[in-house]
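This report concerns only the one structure given below.
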Amino acid sequence: MQARMNAILVTGAAGFIGFHVTSRLLERGEQVLGLDNLNAYYDPALKRARLAHFNGHPRFTFVQADVSDRNAIVDVFDKYKPDRVIHLAAQAGVRYSVDHPHAVIDSNIVGFGNILEGCRNTSTQHLVYASSSSVYGANTSLPFSVHQNVDHPLSLYAATKKANELMAHTYSSLFGLPTTGLRFFTVYGPWGRPDMALFLFTKKILAGEPIDVFNHGRHTRSFTFIRDVVEGVVRVLDRVPQSDGDWSGEAPDPASSRAPYRVYNIGSDRRTELLRYVQLIEENLGKKATLNLLPLQLGDVPDTCADIEDLARDVGYSPGTPVEEGIREFIAWYRQYYNV
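So the sequence shown is numbered by our numbering: it starts at 624 and just counts up by one.
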């Protein structure tokens, strides 16, 4: 086993958020160990194109491995002993989890357990991991707050993300492992995921195909631009959680603990209706969409809105990119990348 390399392990480094987080860390001079399985949930060519940006970078090392492969993850932690970990690898997709439960459990539960064990056994200084706004499930009190109870998930994906928070707390409590969970709210932007609305809608509108608009377009979401999200992730990484001296088991706050554990919302505090989102895409493409209006999908929630007060207070998080600007930047990237 070699000595600690003072690196930050980013799992899911070839993914949308992972790519942007890795880029930001390298820009500020960090040593980054990227890990990804490059699976075919969506086009692996897009993942490889993201990774190509780091080819030859002296401070970037890439390992192709699956977080659910226990032996592979043990080897990674034994060999590199990362100082800090940003765990973004997961099987995404609320709807996907309905029909592919085992894939979600393997990646999001088994995989996260492997990451926790790796962190524990190599004395990692801070684990930052991706949770999701989907954990709010049946909650309807907006904006969603980390101080709310979140025991009523509406999809298996949401349940796995809630389980990650519980697993992290256990390791923080038993072993003193500092952990911070980030509940992401509908992240979008250049190099985004092809299975998400902005990418799907742009592709189909340009091709003259109808787009499926669920809940008849009356969804509202805290659409959050990738640049704002990355800034929040990096700031959180630099703030290692401590025991909350005000925490009480008489009235337990879900967002903190006596253990070195925190959970934050990371998103926009402004809601946008899906039909308005589509309108902005149309305006930037200069082309009208044909809408296939459908009812709410199984597992989806009609509205999300992030209460970001805690993250703003603790790390100065301030998402400043309006959705009009964010969509414009995405479509400019899409046209260039696909030569449209």
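Ideal placement from N, C-alpha and C gives every residue a C-beta, glycine not left out.
Quiz item: Is the stretch 692-711 in contact with the stretch 670-677, if contact means three or more CB pairs nearer than 8 Å?
Solution: no
Quiz prompt | serine 845, DSSP secondary structure in three states | solution = coil
Quiz item: Quick one: Cα of arginine 894 to Cα of arginine 647, how far?
Solution: 27 Å
Quiz item: Taking the runs of the beta strand (DSSP E) that are 3 residues or longer, which of them lie wholly in the stretch 845-925?
Solution: 884-889, 914-917
Quiz prompt | Sequence-distant residues of the same chain with beta carbon closer than 8 Å to isoleucine 904, five excluded per side | solution = Leu821, Phe824, Thr825, Ile828, Ala912, Ile950, Ile954
Practice problem: Spatial neighbours of phenylalanine 767 within its chain, please: CB distance less than 7 Å, with the 5 preceding and 5 following residues excluded, ordered by chain position. | Solution: Ser756, Tyr759, Asn888, Thr927, Cys928, Ala929, Asp930
Quiz prompt | Inter-residue Cα distance where the pair is arginine 693 and serine 891 | solution = 35 Å
Quiz item: Could you give the distance in angstroms between the alpha-carbon of tryptophan 956 and the alpha-carbon of glycine 943?
Solution: 20 Å
Quiz item: Can you tell which of Gly815, Leu658, Ile849 has the C-alpha that lies nearest to the C-alpha of alanine 630?
Solution: Leu658
Quiz item: Since alanine 791 contacts leucine 739 with CB under 8 Å, what's their CB separation in whole angstroms?
Solution: 7 Å
Quiz item: Are the beta-carbon atoms of valine 853 and histidine 643 separated by less than 7 Å?
Solution: yes
Quiz item: From this set, Val717, Thr793, Val686, Ser764, which residue's C-alpha is nearest tyrosine 780's C-alpha?
Solution: Val717
Quiz item: The alpha helix (DSSP H) with threonine 763 in it runs from where to where?
Solution: Taken as a continuous stretch (DSSP letters only), threonine 763 belongs to no alpha helix (DSSP H), as it is neither H nor E.
Practice problem: Can you tell me which of the three DSSP states histidine 931 falls into? | Solution: The residue asked about is misnamed: residue 931 is isoleucine in this sequence, not histidine. The answer is coil: DSSP assigns isoleucine 931 none of H, G, I, E or B.
Exercise. Please determine if the stretch 784-803 and the stretch 844-851 are in contact, where contact requires at least 3 C-beta pairs separated by less than 8 Å.
Key: no
Quiz item: When we look at the beta-carbon of asparagine 915 and count the other beta-carbons within 10 Å, is it buried (16 or more) or exposed?
Solution: exposed
Quiz item: Just checking, does the stretch 769-776 make contact with the stretch 733-752 on the three C-beta pairs under 8 Å criterion?
Solution: no
Quiz item: Taking all protein chains shown into account, do 16 or more other C-beta atoms lie within 10 angstroms of the C-beta of aspartate 851, making it buried, or fewer, making it exposed?
Solution: buried
Practice problem: Using three-state DSSP, classify glycine 840 as helix, strand or coil. | Solution: helix
Exercise. In the DSSP assignment, find the unbroken beta strand (DSSP E) run with valine 655 in it and report its ends.
Key: 654-659
Practice problem: Rounded to whole angstroms, what's the CA-CA distance from alanine 637 to glutamate 873? Just pull it up for me. | Solution: 43 Å
Exercise. Identify every run of the alpha helix (DSSP H) within the stretch 663-711, keeping only runs that are complete inside it and at least 4 residues long; order them along the chain.
Key: 667-675, 693-703
Practice problem: Measure the alpha-carbon distance for methionine 624 versus aspartate 933 and round it to whole angstroms. | Solution: Low confidence applies here, because methionine 624 scores a pLDDT of 40, under 50, leaving its location unreliable and the question unanswered by this model.
Exercise. Only counting runs of 3 or more residues, tell me where the beta strand (DSSP E) segments fall wholly within the stretch 733-810, in order along the chain.
Key: 749-755, 802-807
Exercise. Have a look at the DSSP bridge pairing and note the partners of isoleucine 834.
Key: Leu914
Quiz item: Are leucine 711 and alanine 753 closer than 7 Å when you measure CB to CB?
Solution: yes
Practice problem: Could you check the C-alpha separation between proline 925 and isoleucine 640 for me, to the nearest Å? | Solution: 24 Å
Quiz prompt | alanine 637, enclosing beta strand (DSSP E) - first and last residue | solution = Neither: alanine 637 is in no beta strand (DSSP E) and is coded neither H nor E.
Exercise. May I ask you to report which of helix, strand or coil DSSP gives methionine 624?
Key: Low per-residue confidence applies at methionine 624: pLDDT is 40, beneath 50, and the placement is therefore not dependable enough to give any value.
Practice problem: Measure the CB-CB distance between leucine 750 and threonine 802 and report whether it falls below 7 Å. | Solution: yes
Quiz item: Near valine 697, which residues of its chain fall below 6 Å by C-beta distance, leaving aside the five closest residues on each side in sequence?
Solution: none
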